[in-house]
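S.K.: Okay, handing you the structure first.
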Amino acid sequence: MTFDQIVLFALFAAVFGLLLWGRYRYDIVAFSALMVAVVLGVVPANDAFAGFGHPATLVVALVLVVSAGLVRSGAVFLITRTLVDSSRSLGAHITLMGGIGAVLSAFMNNVAALALLMPVDIQTARKAGRTPGMSLMPLSFATILGGMATLIGTPPNIIIASIRAETLGEPFGMFDFAPVGGIAALAGLLFVALIGWRLIPLRQNAAGASEAQLSQYIAELTVPEGSDMIGQRLGEFDKEAEKADVAILGLIRDGKRLYGRAAGQMLRAGDALVLEATPEALDEFRTAASLDFADAARQEKLGAAGDGLELVEVVVPETARIKGRSAQALGLAWRQNTVLMGLARQGRRLTRHIRQEQIEAGDILLLLCPRDRGADVTEWLGCLPLAERGLSVTANDKTWLAIGLFAGAVLAASLGIIYLPIALGLVVVAYVLTKILPLAELYDHIEWPVVVLLGSMIPLGAALDSAGGTALIAESLLTLTAGMPAWAILTVLMVVTMTLSDVLNNTATAIVAAPVGIQMATSLGVSPDPFLMAVAVAASAAFLTPIGHKNNTLVLGPGGYHFGDYWRIGLPLEVLIIAVSIPSILLFWPL
């Protein structure tokens, strides 16, 4: 081996070893390796930061921003509130949630897709009286599987398309992964839904407890002019409220609380529904029923607040300005352009309009205010902020606009009309201009450690390739598989890649394995495409451990899983993925 090869192999071994150890975060490890490689001269200084402007890095960042826009617009609520039902059997629930997760993750980052659906799954499990651990792992696996079907579904596919463009002059298209990745995803989903969930050890976990600890607020939402609810009885909306995990407590009309629950009252414009719910459930019900935050005048003023709205949770101390006074008496709405959305008071029943309720020390207030004004409003009230929980306000009036912009970009990129990173960039610009995504939180949704990992590993991978390191690995694998048929060689490549992906970041695995696949194809004198497809599927199929994919890590705590629980479903699933992928690759991407 040459000096450059020795140094690069040593650096990759150190990176993989440190990633397995887990003491230091993966982005720090990768960036440190890049800096060492530049100092030792194996990566040219001019190319050191080329990875940060690489199309693969940009697409991953843009997909995360677009995903956030789809969440903020209510596109996900549109799907889940119409399809998810806690009365279904566990198998039917897993099939439906897995299907939704797979479809979503095909068109948005699969980590973002799981982050959207995980609270829905936990809430459904709680309503059904079962442990979330029975369905969270299948949901995680389903979102990983769905990402295999399209170019933007998972970072390995983006990386492999970029490597193909650099090597062969043309990237894979948006749906080139669909024949193989789609078949593998479908087979995997069927296994998870019919058999896999039965292999999960049944044990209690802490998810239910953590959910129960969320503050339940007494809140009000107003029936707007022209609402479909007008003329219907309040009790008719109990089912919709229950679906969102909201309790309807009563009705306020003309500033007065009606007697009891008022379930038989015909609703009028301007009526205020008195509800009990968590902030997330309250926002879901508001979106589903198209209700307003406050009366028409306040709602109009809030709509003109500029760059979006935010929900803030504060606790009232003895010294607070608002203690002993109501939000209305204090002039919270006209002084601070802020609405008191909800009030949590332990052991006390509220009988008046929330904004007319006298605030006591120890109360927890849910405030709706203009974006980036939360800290100022909290200080003005003399309250103390609670820990940030990432609460957001759904812009449900822009749901179809957000979906249309994204669908148009995907269609344009699929037809080759516009380059994918540019198409996604235009969607981000449109989301900001139309205020689907507030400018203030534009960069909050980018997972910067992943960007640094990609930006650091891409130059290292390119250096290994140009130094002949990938050719050396390919030759070793070919020597190992000498005399074997093509399908057996593809199988070995998939097994090696899948094994690496189970213990390492799938992005790093794809960066290393894709050039190896191309080198193996070149040595065999066959098309590199089937080898790249094998790497794409295998790099995403990380099901044996909670560290192989971020989705598996996300469900580890809420699901109450142990490290060894994953292989029970993951091992047969990985065998199945290989078994269906090899024939599919040979059929759709012949040698």
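Residue numbers (this note's numbering): 3 to 593. Ideal Cβ positions, reconstructed from N, Cα and C, are used throughout, including at glycine. On a predicted model such as this, the values are computed, not experimentally measured, just so you know.
Starting from Y219, trace the beta strand (DSSP E) both ways and give me its first and last residue.
M.R.: Residues Y219 to T224.
S.K.: Have a look at Q360 and S328 and give me their C-alpha separation to the nearest angstrom.
M.R.: Roughly 4 Å separates the two Cα atoms.
S.K.: What are the boundary residues of the alpha helix (DSSP H) that P517 is part of?
M.R.: N508 to L526
S.K.: For A363, I'd like the list of residues in its chain whose CB is within less than 8 Å of its CB, leaving aside the five on either flank, ordered along the chain.
M.R.: A distance below 8 Å between beta-carbons, with the five flanking residues on each side excluded, links A363 to the following residues of its chain, in chain order: V318, P319, E320, A322 and K325.
S.K.: State yes or no: is the C-beta of P134 within less than 7 Å of the C-beta of V194?
M.R.: no
S.K.: Rounding to the nearest angstrom, what Cα-Cα distance links T524 and M459 in this structure?
M.R.: 24 Å
S.K.: How about A77 and I405: do their beta carbons lie closer than 7 Å?
M.R.: yes
S.K.: Nearest to W489 by alpha carbon, out of L413, A536 and I475?
M.R.: The option with the nearest alpha carbon to W489 is A536.
S.K.: Going by DSSP, what residues sit across from M268 in a beta bridge?
M.R.: R235
S.K.: For S212, which of helix, strand or coil comes out of DSSP?
M.R.: Here the model assigns S212 a pLDDT of 40, short of 50, so the residue's position is not dependable and the matter cannot be decided.
S.K.: Taking its Cβ as the centre, do 16 or more other Cβ atoms sit within 10 Å of E168, making it buried, or is it exposed?
M.R.: So E168 counts as exposed.
S.K.: Check whether the segment 494-510 and the segment 22-40 are in contact - that is, three or more C-beta pairs closer than 8 Å.
M.R.: The segment 494-510 is in contact with the segment 22-40.
S.K.: Would the beta-carbon of W423 fall within 7 Å of that of L368?
M.R.: The amino acid at residue 423 is misidentified as Trp; the sequence shows Pro. In this structure, L368 does not lie closer than 7 Å to P423 by Cβ.
S.K.: Ordered along the chain, which non-local residues of its own chain (more than five positions away) have a Cβ less than 8 Å from that of R235?
M.R.: These residues qualify, in order along the chain: A265, G266, Q267, M268 and L269.
S.K.: Check each candidate in A115, V122 and R132 and name the one with the smallest Cα separation from I154.
M.R.: A115
S.K.: Locate the beta strand (DSSP E) running through V341, then write down its first and last residues.
M.R.: V341 to A346
S.K.: Only counting the same chain, and skipping five residues up and downstream in sequence, which positions put a Cβ closer than 6 Å to that of A279?
M.R.: V248
S.K.: Just grab the DSSP bridge partners of V182 for me.
M.R.: In the DSSP assignment, V182 is bridged to no other residue.
S.K.: Taking buried to mean at least 16 other C-beta atoms within 10 Å of its own C-beta, is E381 buried or exposed?
M.R.: exposed
S.K.: Can you tell me the Cα-Cα spacing of L495 and G463, whole angstroms?
M.R.: L495 and G463: Cα-Cα distance of roughly 18 Å.
S.K.: So what does DSSP say about K241, is it helix, strand or coil?
M.R.: helix
S.K.: Give the secondary structure of I424 by DSSP, where H, G and I count as helix, E and B as strand, and everything else as coil.
M.R.: helix
S.K.: Please classify E227: is it buried, with 16 or more other beta-carbons within 10 angstroms of its beta-carbon, or exposed?
M.R.: exposed
S.K.: Taking the straight line between their C-alpha atoms, what separation do you get for N554 and I197?
M.R.: 19 Å
S.K.: Quick check: what's the CA-CA separation for S91 versus L578?
M.R.: Between the C-alpha atoms of S91 and L578 there is a straight-line separation of about 25 Å.
S.K.: In chain order, what residues of the same chain lie with their CB nearer than 6 Å to the CB of A540, ignoring the 5 residues before and after it?
M.R.: Counting only residues of its own chain and dropping the five nearest sequence neighbours on each side, A540 has a CB closer than 6 Å to the CB of M496, T499 and M500.
S.K.: From which residue to which residue does the alpha helix (DSSP H) around P585 run?
M.R.: Per DSSP, P585 belongs to the alpha helix (DSSP H) from Y568 to F590.
S.K.: Using 8 Å as the cut-off, can you tell me whether the segment 91-105 makes contact with the segment 173-192, which would need three or more C-beta pairs spanning the two stretches below that distance?
M.R.: yes
S.K.: Does the segment 579-590 come close enough to the segment 175-187 to have 3 or more Cβ pairs within less than 8 Å?
M.R.: yes
S.K.: Could you spell out the range, first to last residue, of the alpha helix (DSSP H) harbouring I161?
M.R.: P157 to L170
S.K.: Can you check DSSP and say which residues form a bridge with A279?
M.R.: Note: A279 sits in a beta bridge opposite Y219.
S.K.: Measuring CB to CB, does S164 end up less than 7 Å from P57?
M.R.: yes
S.K.: What would DSSP say about G103, mapped onto helix, strand or coil?
M.R.: helix
S.K.: Rounded to whole angstroms, what is the Cα-Cα separation between V17 and D123?
M.R.: 35 Å
S.K.: Which whole-angstrom value is the C-beta distance of A425 and D374, which I expect to be below 8 Å?
M.R.: Contact doesn't hold; Cβ gap of about 30 Å is too wide.
S.K.: Please list the terminal residues of the continuous alpha helix (DSSP H) segment that includes A476.
M.R.: G471 to L482
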